[in-house]
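Shown next, in structure tokens, is the structure this report addresses.
2 protein chains.
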Amino acid sequence: MQQHTFPNGLVLVAEAMPGVQSAAFTLLLPAGAAYEGADGLNLGGGAATMAAEWISRGAGPRDSRELLTALDNLGVSHAESAQTLHTSLAVATLGRNLEPALEICADMVLRPHLEDHEVEPIRALCLQNLRSLEDDPGTKVIYELRRRHFPDPWGRPSPGTAEGVTALTPDDIRHFLLETYRPNGAIFGVAGAIEWQRLLDSVGRLFGGWKPRREPKVPERPAGPSRDHILRETQQIQIALAIPAATVASPDYYRARAAAAILGGYSSARLFSEVRERRGLCYSVYATYEGQLDRAAMLCYAGTSAERAQQTLDVMLAEIKRLGRDGVALDELDTMRAGLKSSLIMAQESSMSRSGSLASDWYFLGRLRSIDEIAAELDLLAPETVSAYAARFQEPSDLTILTLGPTELLLPAEP
Amino acid sequence: MQQHTFPNGLVLVAEAMPGVQSAAFTLLLPAGAAYEGADGLNLGGGAATMAAEWISRGAGPRDSRELLTALDNLGVSHAESAQTLHTSLAVATLGRNLEPALEICADMVLRPHLEDHEVEPIRALCLQNLRSLEDDPGTKVIYELRRRHFPDPWGRPSPGTAEGVTALTPDDIRHFLLETYRPNGAIFGVAGAIEWQRLLDSVGRLFGGWKPRREPKVPERPAGPSRDHILRETQQIQIALAIPAATVASPDYYRARAAAAILGGYSSARLFSEVRERRGLCYSVYATYEGQLDRAAMLCYAGTSAERAQQTLDVMLAEIKRLGRDGVALDELDTMRAGLKSSLIMAQESSMSRSGSLASDWYFLGRLRSIDEIAAELDLLAPETVSAYAARFQEPSDLTILTLGPTELLLPAEP
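Listed in order, the protein sequences are those of chains A and D.
Sequential numbering of the first sequence, starting at 19, is according to our numbering.
Sequential numbering of the second sequence, starting at 19, is according to our numbering.
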């Protein structure tokens, strides 16, 4: 694993993977939807997503069509997308095509054409995407859960809102790009068939002239409401819960991951076993850990029919409290460890997944973790320490509950 | 690449991948939803899916919970699922855990407990899954398109129907399992950190005693209707088209793949460019090739708002006809080739994906193809041959069109 910080602040982290022909990179830009609300911007939701689409519509020497064709001619699979914290460019290709793919990426980030006439088709596309989200209640409820659980704008959904997308002018989006696409705060994760010195030279040549900008200030507003229902005539009721968890950099991080996994992260985990296998209450149910730099949460989800929804919610809440009250047993911890280690090793065999982990490690920790380090941390976990961490779930005072569907459920009172 | 056919008909195909720690297998059983309609069975839809769930609820020496925990303790990620043609068991783990994972798989297939009391939770689960499909119109429209395009039962959706799932008795599902879970017609694809001789011995020891059964006869009924609308109060209208295509074993196979890819298989492909980028008509649009042994189709999909749906459908139909009338150009063919080769090489780096390709090659062709063979076939494609193949799209007489949403569209008349 190699790392370099360029004078303009751009960080390059990379790992050569012997025996693979592919190479992949993930470029994280500090340009997620949360920054739409930064001081001096105050833009409606959707700016980050529209910007990510705009940069692929012509850049450097190529117009929109030439740019997409050039990427296709390199056999590149690519995705430019905004999330809440970052806008990411994710590219996978054969190692020999990495350098030309990087050149096109540099054009998109440093020299996008940003022509006004492209904005209307992009706006239409983003409005269509918002409509398709209305037909995808399982995805929508998680977006809306984050919006209610994390202090605004740290839960802002990247697709934005119809009002926001409708109101944005080309100048608004240009302004967003100018303020947020910057090398200080950007991280390049690269993995696969690469040669470090050559990669370092290429990235330096292509991105070295990128000028840093000050980090925008993001005013924070309180989260909420912590109990809510979205009325929709869906077939199923969607249930989503969030509880604060230890951050990635915290000493409790591995305990937080273990607690979420034991609750609902593998096929014999508690929620699967109680809600899905034993009672057949719903087809999909899970618990997962989700981290940001300054906050994190355990999210739980289930989708089920109106007549089984109340029981499903009640069982989910009971399982969360039981985890807090009774803690975890050694055999569960061993099962969790086996799964997490195995999936880590398997994920490391994919250059795309590895490039994302490298970038994400640097973002959260400012350093890279080896698989061995993570495995050693997992081995250190003991039932006592995980149970002590999970004790916070016994009477969770800071739980956010959101349901979506035709009827409301009986929710526990806010404390 | 190695291959062996056991005396009972079971086929083992495998490839050792140097430098990886993971190993994966895909077991294809001739027990897809299409066989629910076989002579002597005549079961309602959902039997294949309920059977695939039932075998994981206790098998060999383990009850339901012990079995899932045993898989989790091996760090196995696994999925048992029915599709239209096959029921598949897909397992990924570390190479050193492959043998114990195979042992559990043999229990599930040869020695499932099939206890009556497990059927009600499974039925509830399958009914929940059908409800969640109602909230996922993009997936539903493709299931329903296949049902109308392929002669029954070759388009039967594996989730079944609420009536079918409600009516099935434990004996019905047992009967289905007994008739369709058989070694003759089953294919084991294995890839990753494996040693051929040892694998051959293990599979022989674990599955050698599995008794073959006669292949069930499947009566076929005509497809249709070829124009249809499903009324649903969704936000978007879903548009799905199917046209017959050359089968995988046909000499036209690579031409059929090329035509579908050029229409809508990569980011600068015709449908993306005309429907998505240029007009912003919809967020998702694609064309793809889908093969069965005796039939195949090119499927096209778009999801868009009511006011743009007619224009979207018209542009899709116009692009299909233009492909037939004007054929393809060399530069498009080169772009398609670059993408397909690159994605082939990248897919080969994943043991899970490779195990699936090996099994699928054997199913369709009765032999294994190397990446070099596929690349050579792609290199042989010329604009003339692909255009000659695509000429069938000029006035497509056997087009199936299905829409789903609140309003109907104006469809071209049936020829």
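Positions of the beta carbon are idealized from the N, C-alpha and C atoms, including for glycine.
Residue i burial status per 10 Å Cβ neighbour count (16 or more: buried)
| i | result |
| --- | --- |
| Arg342(D) | Note that residue 342(D) corresponds to Gly in the displayed sequence, not to Arg. Under this definition Gly342(D) is a buried residue. |
| His104(A) | buried |
| Arg166(A) | buried |
| Asp379(A) | buried |
| Thr187(A) | exposed |
| Glu181(A) | exposed |
Nearest candidate by alpha-carbon position, reference residue i, set the options
| i | options | result |
| --- | --- | --- |
| Glu233(D) | Pro48(D), Gln20(D) and Pro25(D) | Pro48(D) |
| Thr252(D) | Gln329(D), Leu422(D) and Arg297(D) | Leu422(D) |
| Asp344(A) | Leu417(A), Leu103(A) and Phe411(A) | Phe411(A) |
| Ser368(D) | Glu98(D), Leu112(D), Leu30(D) and Leu28(D) | Leu112(D) |
| Asp189(D) | Pro243(D), Arg166(D) and Glu133(D) | Glu133(D) |
| Arg83(D) | Ser378(A), Glu295(A), Thr187(A) and Glu117(A) | Glu295(A) |
| Thr179(D) | Gly62(D), Leu396(D), Val109(D) and Gly226(D) | Gly62(D) |
| Asp125(D) | Gly58(D), Leu317(D), Ser220(D) and Ser74(D) | Ser74(D) |
| Asn60(D) | Pro171(D), Leu163(D) and Ala108(D) | Pro171(D) |
| Ala431(A) | Arg245(A), Arg164(A) and Asp379(A) | Arg245(A) |
| Ser371(D) | Ala108(D), Leu335(D), Pro177(D) and Trp72(D) | Ala108(D) |
| Asp270(A) | Pro424(A), Ala315(A) and Trp228(A) | Ala315(A) |
| Glu426(A) | Val346(A), Ala327(A) and Asp379(A) | Ala327(A) |
| Gly76(A) | Thr102(A), Leu45(A), His135(A) and Leu116(A) | His135(A) |
| Leu317(D) | Ser375(D), Gly182(D), Thr157(D) and Pro79(D) | Thr157(D) |
| Val38(A) | Ile363(D), Ala409(D) and Ile389(D) | Ile363(D) |
| Tyr53(A) | Gly173(A), Leu224(A) and Ala142(A) | Gly173(A) |
| Leu151(D) | Pro169(D), His131(D) and Pro175(D) | Pro175(D) |
| Ala100(A) | Pro177(A), Val266(A) and Ala34(A) | Pro177(A) |
| Val183(D) | Leu358(D), Leu386(D), Glu337(D) and Cys144(D) | Cys144(D) |
| Val137(A) | Pro155(A), Leu163(A), Ile248(A) and Ala70(A) | Ala70(A) |
Proximal residues of chain D, C-beta to C-beta of residue i below 7 Å
| i | result |
| --- | --- |
| Val333(A) | Neighbours of Val333(A) on chain D: none; closest Cβ ~13 Å, over 7 Å. |
| Met364(A) | Ser40 and Ala110 |
| Ile140(A) | Gly298 |
| Thr353(A) | Thr87, Asp90 and Asn91 |
| Pro155(A) | Asp153 |
Secondary structure of residue i, DSSP reduced to three states
| i | result |
| --- | --- |
| Gly207(D) | strand |
| Met334(A) | helix |
| Arg261(D) | In the sequence on display, residue 261(D) carries Ile and not Arg. It is a strand residue. |
| Pro188(D) | helix |
| Pro130(D) | strand |
| Ser302(D) | strand |
| Val236(D) | coil |
| Ser323(D) | coil |
| His104(A) | coil |
| Asp219(D) | helix |
| Gly55(A) | helix |
| Leu341(D) | helix |
Within chain E, partners of residue i - CB distance below 7 Å
| i | result |
| --- | --- |
| Lys359(A) | In summary, chain E is missing from the structure at hand, where the protein chains are A and D. |
Check: residue i C-beta below 6 Å from any heavy atom of the ligand PLP
| i | result |
| --- | --- |
| Ala279(D) | The ligand content of the structure shown is nil, which means the ligand PLP is not present either. |
Chain A residues whose Cβ lies nearer than 7 Å to that of residue i
| i | result |
| --- | --- |
| Gln146(D) | Cys300, Tyr301, Thr322 and Ser323 |
| Leu348(D) | Here the premise fails: no neighbours, minimum Cβ distance about 12 Å. |
Rounded Cβ spacing between residue i and residue j (contact assumed at less than 8 Å)
| i | j | result |
| --- | --- | --- |
| Asp416(A) | Ile261(A) | 7 Å |
| Ile255(D) | Thr322(D) | 6 Å |
| Asn4(A) | Gly226(A) | Absent from the model: residue 4(A). The displayed extent of chain A is 19 to 433, so no value can be given. |
| Tyr319(A) | Ala278(A) | Their Cβ separation, rounded to whole angstroms, is 12 Å, which puts Tyr319(A) and Ala278(A) out of contact at 8 Å. |
| Leu85(A) | Ile122(A) | 7 Å |
| Ala97(D) | Ala42(D) | No, Ala97(D) and Ala42(D) are not in contact; Cβ-Cβ is about 11 Å, not under 8 Å. |
| Leu116(A) | Ile205(A) | Not a contact, Cβ separation roughly 17 Å. |
| Leu289(A) | Tyr304(A) | 7 Å |
| Met445(A) | Leu259(A) | This structure cannot settle anything about residue 445(A), because the visible part of chain A is limited to 19 through 433. |
| Met19(D) | Leu386(D) | 5 Å |
Chain A contact residues for residue i, given Cβ-Cβ distances below 8 Å
| i | result |
| --- | --- |
| Leu89(D) | Ser285 and Ser286 |
| Glu251(D) | Glu251 |
| Glu133(D) | Under the 8 Å cutoff, chain A gives no residues; its nearest Cβ is about 13 Å from Glu133(D). |
| Ser368(D) | Glu367 and Ser368 |
Within chain D, the residues that residue i reaches when beta carbons sit closer than 8 Å
| i | result |
| --- | --- |
| Pro188(A) | Within chain D, no residue comes near Pro188(A); the closest Cβ sits about 15 Å away, beyond 8 Å. |
| Ser82(A) | Glu295 |
| Leu143(A) | Arg294, Gly298, Cys300 and Tyr301 |
| Pro36(A) | Gly37 |
| Ala356(A) | Asp90, Asn91, Leu92 and Gly93 |
| Ser150(A) | Gly156, Gln253, Gln254, Tyr301, Ser302 and Gly321 |
Chain-ordered neighbours of residue i on chain A, where CB pairs are closer than 9 Å
| i | result |
| --- | --- |
| Arg340(D) | Near Arg340(D) there are no residues of chain A at all, since even the closest Cβ is about 17 Å away, more than 9 Å. |
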